[in-house]
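Chemist:
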Amino acid sequence: MQKKYLRKDSIELSCGSQAKPEERRKLTYLRGKAGSFLLEFSNKVKEKEIEGWKTVNVKVKVLSNGNYEFDVKGRITSDLIKRAAGEKKIISQEELKKIAEIQLPYLNTEDLEKAQKTIAGTAKSAGIKIEGQ
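Here this note's numbering is used: the first residue of the sequence shown is 159, the next is one more, and so on.
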């Protein structure tokens with residue numbers, strides 16, 4: 159039998175610390191299961207060894223019986239870009255390539271050059287310039 163989802167959502171959660179109040183508000187649709195969700199999320203973060211990351215994308219699906227499924231999708235691209243750029247607001251082609259390699263599994267392409275163009279577009283919209291462009 160096919161699973162019936164009541165809600166599908168993509169949220170950003172911080173890793174390694176207690177959930178912030180605004181993050182808990184994002185999880186109100188889980189009703190009384192937000193605490194168990196956060197516990198499972200923390201365990202999955204430790205399992206995937208991504209605690210050093212600040213924030214990650216999480217896909218949450220709530221089933222009709224009240225249970226939920228979630229998947230940690232990876233780091234947030236704009237965070238990686240801003241961290242690489244620092245105060246200078248410029249990133250090099252090498253840094254762009256490194257970010258594209260990190261994000262490649264989460265993008266809708268398998269071509270590194272297309273991934274770099276996608277990341278460059280995100281950088282441009284964040285107000286960060288790329289050397290050589």
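In this text, a Cβ means the ideal position worked out from N, Cα and C, and glycines have one as well.
Taking only three categories from DSSP, how would you classify L188?
Modeler: It is helical.
Chemist: Helix, strand or coil for N215, going by three-state DSSP, please let me know.
Modeler: If DSSP states are grouped into helix, strand and coil, N215 belongs with the strands.
Chemist: Closest to N225 by C-alpha separation, out of D167, T235 and F195, would be which residue?
Modeler: When only C-alpha atoms are compared, the closest one is F195.
Chemist: In angstroms with no decimal places, state the Cα-to-Cα distance between E170 and L262.
Modeler: Looking at the two C-alpha atoms, the distance is approximately 19 Å.
Chemist: With 16 other CB atoms within 10 Å as the buried threshold, where does T235 fall?
Modeler: Classification of T235: buried, given that the 10 Å Cβ count is 16 or more.
Chemist: Pull up the CB-CB distance for I249 and A243, whole angstroms please, since I reckon it's below 8 Å.
Modeler: Confirmed, about 5 Å.
Chemist: When burial is assigned at 16 or more other CB atoms within 10 Å of the CB, is L197 buried or exposed?
Modeler: With fewer than 16 other Cβ atoms within 10 Å, it is exposed.
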